[in-house]
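Chains as they are written, first to last, in our numbering: chain A, 1287 to 1619; chain B, 210 to 485; chain C, 9 to 296. Built from N, CA and C at the ideal position, the CB exists for glycine as well. Some notes on the structure that comes next.
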């Protein structure tokens, strides 16, 4: 149904190449997340797939059909926008029914599908309201409702949660994941938040300056980042990256070690330093350790009960098998 | 922005402003009042302000003698027709400029406005000649076309500024939802821009209703709108004040009321958005 | 942000407006330009051949030309001065807190919606008539001899009528500009001890300068071609024959199309000079 193939797709705005030619395959039913810092071209890539922008070169294939120059309306995709892009002059019911109306479905079928979508999304009580009378989360659901009634080949999400507050974001994240489980339809989801990417994706596509840095499952990216950029981008808090003498001891230009792979104690370890800021999350505590002599700051994760204070001297023991090594070009060794 | 002022200051402001406001409005008020006087009382010395024998006979006389209704109908057709046609031509153009801007969009917009600045008298004879050639002289069709062309730049401009405020996301959402270009404009853009379209229509109606160069020069008895109807009172009927007043009141009333409703929106159209 | 589809759609959708306006501009302009080089008298032999620059020379050297330029400048200048000064004062007044602000604004704006033929006639007959006009009564009330406005003070009368029509426009736009003034800036100046006249001169007026420019330019374009006000009042006599009216007379009354067309070209050039300045201001606001 929704297998999407990008073949040598590239995009330039004028003389500026924002996406150099790239290859990408998204399998039918997959939940793919495009993640990267702002300006990395992830939204542009999504708009190319949607047909809202033309590709400068290459081919886009959806469901086995060449779609490169097919207008967005005819690609059989549905999109949820960051701003929700609801029609403010229409009721929720009419918003959700709009794609069906455009497709020329008869009234009864429209009503049936709208009612179904509304019950799935808990919107049945709000059908006669205008978007302006809804909360952020409800608007988001209307936007999703408008997408699912079309029964598209794939859903495209453009940073759909970035306008919601933190608590709501976690809830909606779950809802979208559940929706994916239930529908089994291909979804492409754009975000700058690596937590969203890690928690939702079957396949993560890490983008940087228009280039695909790595494609893989969340755990693959976590365990084996292909280069320094991915290593630094995936994982929270960030991986500690160390250059210089300490790296040379491991025959690498740079090494990386995640905070959760460093043991901290008051007595023994390879490195020692002074505790700066500590962040207590209850379950975990993150220490930012200074003056280690290997890097400016080393972040370490410890159990929530560990009670070092500002200024305490601590000893750090990195797990040797969890050290990532990178060469001078930043590539994994 | 409410600032705290003393009641005395506020009362003084009110007094001065109302005095000036009434002074500026006086010619219109006087015209309306005079239209209800008899001819004798209209030129009474000293002038009668409110205490005269109110009558509406002038309105009847004006209608009988000058066939007001026919001119009114011409005005309605010409102003309405040119506005409608202008909007139909301008909506797609404004859509293009607002949502698919290119490097030349700004130049095209400015060029359109610049056509508005062509002095009409400079092209009077050619238009006159073309009208004779095409059989458009003294026809409503001819005036509808000319006034549409005159107001088109302003209509395009106003619609453009209103359309630009609509987030492009929503139009893209419509595209993703399977809407054709026609559907996108008809079902999403236009309903969202209703207030803007309404004030554009109002401004265009007012400008077309009051246009007095082409309407005077390109019409005679048949297609003349109210501007021509009034011009026919220039002499010697103009000496009959009450009837002149009745005719004037009838000519300006519709547009005066329309104009009051839309005054806020008018600023934007009239300044081409150059003053915020 | 667009696709080839939407760009080509945009071109097609823009085409009717562009083609119509292009035709509206080019066809008559070309014809006027052509006529201006011909000896063309429709009622006295028609097109009598090539005339070179004769029409241009004759138009400028005719005895009515310079007076008409003078009358045009007097009327345009007079109306501009009156409307801008009164407009600024009125805008400042209407910005003050008062009771019934909306209603006052409606009163002040009303003249703008009166069609030019009506306002000219009402002023000419009911106000400026030397016997029965309101102004005549007013003069008599104060013991003065009524003025024969349209013959003795013809230019001033026209300026009065036209100013009355355009004052609302100036006020409306200047009021919008006044309302966009930063209150805190004014209050800061007040705290600094600037007296109100200084505040007006150094803060309010500079803030209004752009709006004033817009008012001047837009009004100039419209005022250069006022027609109805003269057509129904003086018919161009008593020194009120403007350039527009002169051309109108050459073309329609004396049916000398070649000569009138040459005059038309002069008028177009004049208007374009003004338009150029306006376009630069409007263009700047497009970038913002």
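Using the beta-carbon count (16 or more within 10 Å), is residue 38(C) buried or exposed?
exposed
Relative to the C-alpha of residue 79(C), which candidate in 231(C), 263(C) and 269(C) has its C-alpha closest?
Distances from the CA of residue 79(C) to each of 231(C), 263(C) and 269(C) were compared; the closest alpha carbon is that of 231(C).
Would you check if the distance between the CB atom of residue 1485(A) and the CB atom of residue 1459(A) is smaller than 8 angstroms?
Yes, the pair counts as a contact, with Cβ atoms nearer than the cut-off.
How about residue 241(B) and residue 123(C): do their beta carbons lie closer than 8 angstroms?
With contacts defined by Cβ atoms closer than 8 angstroms, residue 241(B) and residue 123(C) do not form a contacting pair.
Using C-beta distances below 8 angstroms, list every residue in its chain close to residue 210(B), excluding the 5 sequence neighbours before and after it, in chain order.
Reliability fails at residue 210(B), whose pLDDT of 43 lies under 50, so the model's placement of it is uncertain and the value that follows must be treated cautiously. None.
Tell me which same chain residues have a C-beta within less than 8 angstroms of the C-beta of residue 120(C), skipping the five on either side of it?
Answer for residue 120(C): 173, 174, 176, 177 and 180, listed in chain order.
Measuring only the C-alpha atoms, how far is residue 1606(A) from residue 1524(A)?
18 angstroms
Within the chosen definition, does the segment 389-399 of chain B reach the segment 1441-1452 of chain A through at least 3 CB pairs nearer than 8 angstroms?
With a cut-off of 8 angstroms, the segment 1441-1452 of chain A and the segment 389-399 of chain B do not count as touching, because too few Cβ pairs lie within range.
Please state whether DSSP places residue 1365(A) in a helix, a strand or coil.
strand
Given that residue 1537(A) touches chain C, what residues does it touch there, using C-beta distances under 9 angstroms?
The contacting residues do not exist; residue 1537(A) stays about 48 angstroms from chain C at best.
From the DSSP secondary-structure annotation, give me the bridge partner or partners of residue 1477(A).
Answer is 1321(A), bridged to residue 1477(A).
For the segment 1318-1351 of chain A, list every residue whose C-beta sits within 9 angstroms of some C-beta in chain C, in sequence order.
1333, 1337, 1338, 1339 and 1340
Are the CB atoms of residue 1356(A) and residue 1296(A) nearer to each other than 8 angstroms?
no
CB-CB under 6 angstroms to residue 1414(A), same chain, minus the five flanking residues each way: which ones, in chain order?
1377
Below 8 angstroms between beta carbons is the criterion; list the residues of the segment 373-387 of chain B that meet it against any residue of chain A, in chain order.
In summary, the residues of the segment 373-387 of chain B whose CB is separated from some CB of chain A by less than 8 angstroms are 376, 378, 379, 381, 382, 383, 384, 385, 386 and 387, in the order they occur in the chain.
Could you name the residues of the same chain whose beta carbon sits closer than 8 angstroms to that of residue 1299(A), not counting the 5 residues immediately before and after it, in chain order?
none
Check whether the Cβ atoms of residue 1479(A) and residue 1316(A) sit closer than 8 angstroms, and answer yes or no.
no
May I have the straight-line CA-CA distance separating residue 280(B) from residue 432(B), to the nearest angstrom?
8 angstroms
8 angstroms is my cut-off, CB to CB: does residue 433(B) come that close to chain A?
no
What is the residue span of the beta strand (DSSP E) that residue 1560(A) lies within?
Per DSSP, residue 1560(A) belongs to the beta strand (DSSP E) from 1557-1566.
Relative to chain C, which residues along the segment 414-428 of chain B have a C-beta separation below 8 angstroms, given in chain order?
415, 418, 419, 421, 422, 425 and 426
Does the CB of residue 145(C) have a neighbour CB from chain A at under 8 angstroms?
Not closer than 8 angstroms to any Cβ of chain A, the Cβ of residue 145(C) fails to qualify, so no.
Within the continuous beta strand (DSSP E) that includes residue 1499(A), where are the two ends?
1497-1502
Under 8 angstroms between C-beta atoms, does residue 1374(A) make it to chain B?
yes
So which residues on chain C does residue 321(B) lean against when the C-beta distance must stay under 9 angstroms?
25, 26 and 29
Leaving out five residues on either side along the sequence, give the residues of the same chain with a beta carbon under 6 angstroms from the beta carbon of residue 1303(A).
none
Report the rounded CA-to-CA distance for residue 1437(A) versus residue 1338(A), giving the unit in angstroms.
For residue 1437(A) and residue 1338(A), the distance between alpha carbons rounds to 19 angstroms.
DSSP state of residue 249(C), grouped into three classes?
coil
Determine the extent of the beta strand (DSSP E) in which residue 1604(A) is found, giving its start and end residues.
1599-1604
Need the endpoints of the alpha helix (DSSP H) that residue 1308(A) sits in, please.
Careful: residue 1308(A) lies outside any alpha helix (DSSP H), inside the beta strand (DSSP E) at 1302-1312.
Of all the alpha helix (DSSP H) runs that stay within the bounds of the segment 250-285 of chain C, which reach a length of 4 or more residues?
251-256
Which stretch, first to last residue, makes up the beta strand (DSSP E) that contains residue 1588(A)?
1583-1589
If you run the structure through DSSP and keep just helix, strand and coil, what is residue 108(C)?
coil
On the DSSP letters alone, give me the boundaries of the beta strand (DSSP E) that residue 1494(A) sits inside.
1489-1494
With a Cβ-Cβ cutoff of 8 angstroms, do residue 44(C) and residue 250(C) count as a contact?
no
Any C-beta of chain A sitting closer than 8 angstroms to the C-beta of residue 12(C)?
yes
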